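There are 2 protein chains.
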Amino acid sequence: MKNAKISNAVINRLPRYRRYLIELEKKGVEKISSKDFSSLIGYTASQIRQDLNNFGGFGQQGYGYSVTGLREEIDAILGLDKEYRMVIMGAGNLGQAITKYAKSLPAGFRVCGVFEVRKELIGTELDGLEIHDYENLVDFVEREKIDIGIICVNRDSAQEVADRLCFAGVKGIWNFARVDIEVPPHVALEVVQLSDSLHALAYHMNDIKKRSHHGK
Amino acid sequence: MKNAKISNAVINRLPRYRRYLIELEKKGVEKISSKDFSSLIGYTASQIRQDLNNFGGFGQQGYGYSVTGLREEIDAILGLDKEYRMVIMGAGNLGQAITKYAKSLPAGFRVCGVFEVRKELIGTELDGLEIHDYENLVDFVEREKIDIGIICVNRDSAQEVADRLCFAGVKGIWNFARVDIEVPPHVALEVVQLSDSLHALAYHMNDIKKRSHHGK
């Protein structure tokens with residue numbers, strides 16, 4: 001595997017490739033031509049080849065891709081052959097939502113606890129997970145070998161919570177708070193701004209409406 | 217306002233501009249130079265100018281941007297000056313998570329009901345919202361003037377649920393199901409694949425680790 005930095009656009013397409021490969025596996029498909037894969041997934045065959053060439057190819061001339069083989073390669077590239085241990089920061093509406101969501105998470109991602117500052121919530125349970133005292137975060141991360149912190153606190157606390165998670169030694173942060181945060185270079189950061197997505201949806205709805213009035 | 221199609225990349229940056237402008241408004245900042253806005257948000261000043269020029273500009277030479285003025289313009293572009301009425305499709309783990317999340321949604325987006333096929337859940341409540349019979353979706357969407365359907369069903373049902381929502385007359389679909397769906401051109405579609413984001417996080421964590429072993 002090359003050690004060159006792969007662009008985020010490529011990385012963000014891999015999970016999508018993987019979803020389609022899993023669907024194909026379920027249907028019992030063993031191999032697929034890059035042309036068929038392309039029309040299924042909606043990227044050009046050349047885009048797919050280019051993306052996968054970042055990791056050394058995998059297709060065979062005149063054969064196409066082995067569905068399971070390619071899915072396994074993508075699993076290895078994404079690091080899905082390991083287990084990840086996670087904590088949820090914040091037991092408010094957002095933390096409750098993500099704790100609930102975590103029940104439908106792909107295998108390999110396991111929530112080990114929820115952390116809160118509000119004393120009255122500490123020691124209670126959220127969907128079967130214990131709510132711990134934020135003061136004990138650093139010890140917990142170390143003892144339980146936590147890899148990922150999921151930030152579900154309000155915007156004013158998000159950076160401080162991220163700082164403490166990084167200090168405690170997590171390797172990745174999944175940020176749901178409605179504010180951009182910064183992490184040191186040795187920590188990975190992925191941001192989910194659900195309200196940004198909803199705002200984009202509102203835009204597209206209005207754009208379609210405007211076009212249908214202006215157009216034709 | 218021009219009637220040319222604006223690229224998705226630009227649309228997806230607008231909610232982010234808006235978040236920063238709201239933070240500035242809270243701090244009482246009235247105007248900001250494109251240079252200061254640029255260093256705050258992390259895009260180049262030229263990128264920001266280019267993005268906003270799609271909608272006719274808004275900055276004044278030698279003055280910069282009016283914070284509230286620009287935020288209001290973006291609200292109008294995104295269509296956030298209206299109210300959107302939404303339904304959540306599916307009361308499983310994902311539907312429960314999104315219903316919970318909806319409590320922290322920005323103003324203007326209102327969930328009016330949850331829909332299910334499982335008879336034992338119909339008529340019960342989820343976080344204060346009534347769970348309705350999927351069979352009554354079309355009537356409900358029409359009567360309650362529903363704009364957006366939020367798909368939280370499993371992958372096998374997602375397309376059928378999308379089809380029925382579109383038939384019922386929603387103008388937008390927010391898809392959380394772990395499968396790609398298709399909608400007719402007069403319906404807007406936004407997709408949130410939370411597990412894709414988590415997979416990208418796993419990749420970046422492993423990439424950082426690999427680099428720190430190889431590098432130096």
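Protein sequences, first through last, are from chains A and B. Residues in the first sequence are numbered consecutively from 1, following the numbering used here. Residues in the second sequence are numbered consecutively from 217, following the numbering used here. C-beta atoms are modelled at their ideal positions from N, C-alpha and C, and glycine is treated no differently. Source: prediction; values computed, not measured.
**Request:** Flag this pair as yes or no: are the beta carbons of G388(B) and L201(A) separated by less than 9 Å?
**Result:** For G388(B) and L201(A), yes; Cβs fall inside 9 Å.
**Request:** Tell me whether E406(B) sits in a helix, a strand or coil according to DSSP, three-state version.
**Result:** In the structure shown, E406(B) adopts extended strand secondary structure according to DSSP, grouped into three states.
**Message:** Does N175(A) pass the burial test, meaning 16 or more other C-beta atoms within 10 Å, or should it be called exposed?
**Reply:** Its Cβ being crowded by 16 or more others within 10 Å, N175(A) is buried.
**Request:** Please name the residue or residues paired with E346(B) in a DSSP beta bridge.
**Result:** DSSP output for E346(B) lists E341(B) as bridge partner(s).
**Asked** What residues are listed by DSSP as bridge partners for R326(B)?
**Response** According to DSSP, R326(B) bridges with R301(B).
**Prompt:** Can you find a CB in chain B that lies within less than 9 Å of the CB of N136(A)?
**Reply:** It does not; no Cβ of chain B falls within 9 Å.
**Request:** Would you kindly report the start and end of the unbroken alpha helix (DSSP H) that includes G69(A)?
**Result:** 67-78 is the span of the alpha helix (DSSP H), which, as asked, contains G69(A).
**Request:** State yes or no: is the C-beta of C152(A) within less than 9 Å of the C-beta of A177(A)?
**Result:** Yes; because the gap between Cβ atoms is below 9 Å, this pair is in contact.
**Item:** Expected contact under 8 Å - CB spacing of L129(A) and V111(A) to nearest Å
**Value:** The beta carbons of L129(A) and V111(A) sit about 6 Å from each other, so the pair counts as a contact at 8 Å.
**Message:** Closer than 8 Å is the cut-off here; do at least three beta carbon pairs connect the segment 279-299 of chain B with the segment 84-92 of chain A?
**Reply:** No, the segment 279-299 of chain B is not in contact with the segment 84-92 of chain A.
**Message:** Check this for me: beta carbons of D372(B) and R19(A), under 9 Å apart or not?
**Reply:** No, they are not a contact pair.
**Message:** Tell me the DSSP secondary structure of G95(A) in three-state form.
**Reply:** Note: G95(A) maps to helix in three-state DSSP.
**Asked** Are V87(A) and G169(A) touching if we call contact CB-CB under 9 Å?
**Response** No, Cβ-Cβ distance for V87(A) and G169(A) is not below 9 Å.
**Contact list for S197(A) against chain B, beta-carbon separation under 9 Å** = Residues of chain B passing the Cβ test: N228, P231, W390, E406, V407, V408.
**Item:** Interface flag, G92(A) vs chain B, CB-CB below 9 Å
**Value:** It does; some Cβ of chain B falls within 9 Å.
**Asked** Which of the residues in the segment 353-365 of chain B, read from start to end, lie with their CB under 9 Å from any CB of chain A?
**Response** Cβ contacts with chain A: D363, I364.
**Request:** Starting from the beta carbon of P184(A), find every residue of chain B whose beta carbon is closer than 7 Å, and list them in chain order.
**Result:** Listed along the chain, the chain B residues whose CB falls inside 7 Å of the CB of P184(A) amount to none; the nearest CB is some 10 Å away.
**Asked** At what residues does the beta strand (DSSP E) containing N391(B) begin and finish?
**Response** Annotation: the continuous beta strand (DSSP E) that includes N391(B) extends over 388-391.
**Message:** Helix, strand or coil, according to DSSP, for I257(B) in the structure here?
**Reply:** In the structure shown, I257(B) sits in a helix (DSSP, three-state: H, G or I).
**Message:** Taking a contact to mean a Cβ-Cβ separation below 9 Å, would you say L268(B) touches Y203(A) in this structure?
**Reply:** No, the pair does not count as a contact, with Cβ atoms beyond the cut-off.
**Prompt:** Just reading off the beta strand (DSSP E) that I364(B) is part of, what are its end residues?
**Reply:** I364(B) -> beta strand (DSSP E) spans 364-367.
**Request:** Excluding the 5 residues preceding and the 5 following D133(A) in the sequence, name in chain order all residues of the same chain whose CB lies nearer than 6 Å to its CB.
**Result:** Counting only Cβ-Cβ distances below 6 Å, and skipping sequence neighbours, we find I122.
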